[in-house]
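**Q**
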Amino acid sequence: MSSRMEERLKDILAKVLLVDKANINDRTSRKNMEEWDSMAHLMLVSEIESVFEVMMSDDDITEIETVGDIKKVLRKLGVAI
Numbered sequence: 551m552s553s554r555m556e557e558r559l560k561d562i563l564a565k566v567l568l569v570d571k572a573n574i575n576d577r578t579s580r581k582n583m584e585e586w587d588s589m590a591h592l593m594l595v596s597e598i599e600s601v602f603e604v605m606m607s608d609d610d611i612t613e614i615e616t617v618g619d620i621k622k623v624l625r626k627l628g629v630a631i
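Just so we're aligned, residue 551 is where the sequence shown starts under my numbering, counting upward by one.
Below you can see the structure in the form of structure tokens.
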């Protein structure tokens with residue numbers, strides 16, 4: 551796992567959700583983080599696609615519930631995270 555890529559992902563999450571990076575882990579989810587609403591979800595997807603130069607499918611986007619899910623999708627798309 552690339553810690554540099556993981557840090558980039560945490561930077562994106564912290565920036566979009568306006569939370570401290572220290573509070574983000576693989577179990578951080580839409581259900582346990584009030585800031586991660588539907589608008590923030592779309593902003594996260596857009597930022598992640600831009601930074602990692604990938605294109606997520608509609609299924610990928612709707613199935614993401616946790617940070618761990620984001621990592622799974624990125625790995626599926628060829629990102630070493």
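For each residue, glycine too, the CB sits at the ideal point set by N, CA and C.
#1: Flag Val629 as yes when its Cβ comes closer than 8 Å to any non-hydrogen atom of the ligand ATP, and as no otherwise.
#2: For Thr616, list the residues DSSP reports as bridge partners.
#3: Starting from the C-beta of Lys621, find all residues in its chain whose C-beta is less than 6 Å away, skip the five residues before and the five after it, and write them out in chain order.
#4: What do you get for Leu567, buried or exposed, if any count of 16 or more other CB atoms within 10 angstroms of its CB means buried?
#5: In whole angstroms, what separates the C-alpha of Val604 from that of Ile598?
**A** Per the coordinate set shown:
#1: Of the ligands one can find in the structure shown there are none, so the ligand ATP has no counterpart to examine.
#2: Ser579
#3: Ile631
#4: buried
#5: 8 Å
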